[in-house]
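Number of protein chains: 2
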Amino acid sequence: MKVHDHQLQVPGLRMTKQRKEVYRALMENQDHPSASELFDQMQDTESPMSLATVYNCLEAFVEHGAVKQVNIDREPSRYCQNSTPHAHFHEQETGTIHDINFKPGTSLSDILDLPEGTEISNLEITLKGKLPQ
Amino acid sequence: MKVHDHQLQVPGLRMTKQRKEVYRALMENQDHPSASELFDQMQDTESPMSLATVYNCLEAFVEHGAVKQVNIDREPSRYCQNSTPHAHFHEQETGTIHDINFKPGTSLSDILDLPEGTEISNLEITLKGKLPQ
DNA sequence: GTCTTTTTTAGAATAATTCTAAGTTTATTG
DNA sequence: CAATAAACTTAGAATTATTCTAAAAAAGAC
Chain A
1055 MKVHDHQLQV
1065 PGLRMTKQRK
1075 EVYRALMENQ
1085 DHPSASELFD
1095 QMQDTESPMS
1105 LATVYNCLEA
1115 FVEHGAVKQV
1125 NIDREPSRYC
1135 QNSTPHAHFH
1145 EQETGTIHDI
1155 NFKPGTSLSD
1165 ILDLPEGTEI
1175 SNLEITLKGK
1185 LPQ
Chain B
1055 MKVHDHQLQV
1065 PGLRMTKQRK
1075 EVYRALMENQ
1085 DHPSASELFD
1095 QMQDTESPMS
1105 LATVYNCLEA
1115 FVEHGAVKQV
1125 NIDREPSRYC
1135 QNSTPHAHFH
1145 EQETGTIHDI
1155 NFKPGTSLSD
1165 ILDLPEGTEI
1175 SNLEITLKGK
1185 LPQ
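This is the structure in structure tokens:
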């Protein structure tokens, strides 16, 4: 069994060789690549694939909750291997995207004036600005 | 002086008749229209205008901080007359977008694990789900 | 009024994403 | 295993929100 093989599974999803490669690329990189950046990476693997397939794979992962799709402004979607709830910080100077975790024990309803009984199925928090150096 | 005329000003921005109409439409409606919805509305006014102009006007308002551009998923941008910091709730069944205010005295840094000294220039919070009837 | 800058405009261009329809792979069933 | 069905991949076309272009119109400055 190769290193990392145990990670290359998404429950309920058939893992074709294309999906494995896309998933591996996402898991191994800490940045937030776009579909076309992933497509470029895929050309150097054992299973180069079409851009449509990259999109198809990503869509399947997102639908299965294994990957998060990150939309900032009208820029191309980016994809995030961290599927737990978290926020994104978009550093203005570099364009880098950082994951920001919630403080333990807190939740959005601590600061938002939401009616009682609101059911949240999805949330996206994006900050833009400058991180200290 | 007509009703509402006093509102039709954006500091630092020349108010052409096209901009006045777009701004009025945004201020008078509580929904979050897209550029093309605004374009349609503009056809019934005294100064029907091109779609490019609607986009130009909106861009100017957003740059001047008078209007907020709301991006949800990859849907067309929507525009929000509420330029103060707030969140957006996207009701799944109807597609309606509601403004959600912050609880007084709270801020995002109450719940997010941000490094000290972080400068936030912009934030976007979008929730999706169901509001109680 | 003349000059300069800004704005508007129609239409073309761009680009991320989705669609289509055919081919390929994988799973299932007898 | 062979046959069939279902799911996946693919190249290329289509879609579509938005931006760009270059020329005309409007507004402001002098």
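The listed protein sequences derive, respectively, from chains A and B.
Each residue of the first sequence is one higher than the one before, starting from 1055 at the first, in this note's numbering.
Each residue of the second sequence is one higher than the one before, starting from 1055 at the first, in this note's numbering.
Idealized CB from N, CA, C, for every residue including glycine.
Backbone secondary structure at residue i - three-state DSSP
| i | result |
| --- | --- |
| B/Asp-1167 | coil |
| B/Val-1076 | helix |
| A/Gln-1095 | helix |
| B/Val-1057 | For B/Val-1057, the predicted structure reports a pLDDT of 35, less than 50, and the residue's modelled location is therefore unreliable. A value from the coordinates is still provided. Note: B/Val-1057 maps to coil in three-state DSSP. |
| B/Thr-1150 | coil |
| B/Val-1124 | strand |
| B/Asn-1176 | strand |
| B/Leu-1181 | strand |
| B/Glu-1188 | Since the displayed chain B opens at 1055 and closes at 1187, residue 1188 of chain B lies outside it and no answer follows. |
| B/Thr-1070 | coil |
| A/Ser-1101 | coil |
| A/Ser-1131 | coil |
| A/Gln-1063 | coil |
| B/Ser-1090 | helix |
Straight-line Cα distance separating residue j from residue i
| i | j | result |
| --- | --- | --- |
| B/Glu-1173 | A/Gln-1146 | 10 Å |
| B/Leu-1062 | B/Lys-1157 | 29 Å |
| A/Ala-1120 | A/Lys-1184 | 29 Å |
| B/Thr-1099 | B/Arg-1073 | 12 Å |
| B/Pro-1130 | B/Val-1124 | 9 Å |
| B/Ala-1114 | B/Met-1069 | 10 Å |
| A/Glu-1082 | A/Cys-1134 | 11 Å |
| A/Leu-1168 | B/Gly-1159 | 15 Å |
| A/His-1140 | B/Gly-1149 | 24 Å |
| A/Ser-1104 | A/Thr-1180 | 30 Å |
| B/Arg-1128 | B/Thr-1138 | 23 Å |
| A/Gly-1171 | B/Pro-1186 | 6 Å |
| B/Pro-1065 | A/Ser-1175 | 39 Å |
| B/Arg-1132 | A/Ile-1126 | 14 Å |
| B/Lys-1071 | B/Tyr-1109 | 15 Å |
| A/Asn-1041 | B/Ser-1101 | The requested residue 1041 of chain A is not part of the displayed model; chain A covers only 1055 to 1187. |
| B/Lys-1182 | A/Lys-1122 | 14 Å |
| A/Phe-1143 | A/Gln-1084 | 14 Å |
| A/Asp-1094 | A/His-1118 | 24 Å |
Under 9 Å by beta carbon: chain B residues contacting residue i
| i | result |
| --- | --- |
| A/Asn-1155 | Leu-1166, Asp-1167 |
| A/Glu-1091 | In chain order: nothing, as chain B lies at least about 17 Å away. |
Partner residues on chain A for residue i, Cβ-Cβ distance less than 9 Å
| i | result |
| --- | --- |
| B/Pro-1065 | Near B/Pro-1065 there are no residues of chain A at all, since even the closest Cβ is about 23 Å away, more than 9 Å. |
| B/Arg-1027 | Since the displayed chain B opens at 1055 and closes at 1187, residue 1027 of chain B lies outside it and no answer follows. |
| B/Gly-1119 | Here the premise fails: no neighbours, minimum Cβ distance about 14 Å. |
| B/Lys-1122 | Residues of chain A passing the Cβ test: none, with the nearest at roughly 12 Å. |
| B/Glu-1178 | Ile-1126, Asp-1127, Glu-1178, Ile-1179, Thr-1180, Leu-1181, Lys-1182 |
| B/Ser-1161 | Ile-1165 |
| B/Glu-1170 | Pro-1186 |
Proximity of residue i and residue j at Cβ, strictly below 8 Å
| i | j | result |
| --- | --- | --- |
| A/His-1086 | A/Ile-1154 | no |
| A/Leu-1092 | A/Ala-1106 | no |
| B/Met-1096 | B/Val-1076 | yes |
| B/Leu-1112 | B/Ala-1089 | yes |
| B/Ile-1165 | A/Leu-1162 | yes |
Beta-carbon neighbours of residue i, restricted to chain B and to distances below 8 Å
| i | result |
| --- | --- |
| A/Gln-1146 | Ser-1175 |
| A/Pro-1087 | Per Cβ cutoff of 8 Å: no residues; A/Pro-1087 is ~17 Å from chain B at best. |
Chain-ordered chain B contacts of residue i [CB-CB under 7 Å]
| i | result |
| --- | --- |
| A/Ala-1141 | Leu-1166 |
beta-carbon residue i near the ligand SAM non-hydrogen atom, thresh 7 Å
| i | result |
| --- | --- |
| B/Gln-1095 | With respect to small molecules bound, the structure shown includes none, and the ligand SAM cannot be examined in it. |
Residue i: contacting residues in chain A (beta-carbon distance under 8 Å)
| i | result |
| --- | --- |
| B/Ser-1101 | Per Cβ cutoff of 8 Å: no residues; B/Ser-1101 is ~27 Å from chain A at best. |
Residues that residue i contacts on chain A, provided the C-beta gap is smaller than 7 Å
| i | result |
| --- | --- |
| B/Asn-1125 | Asn-1125, Asp-1127, Arg-1128 |
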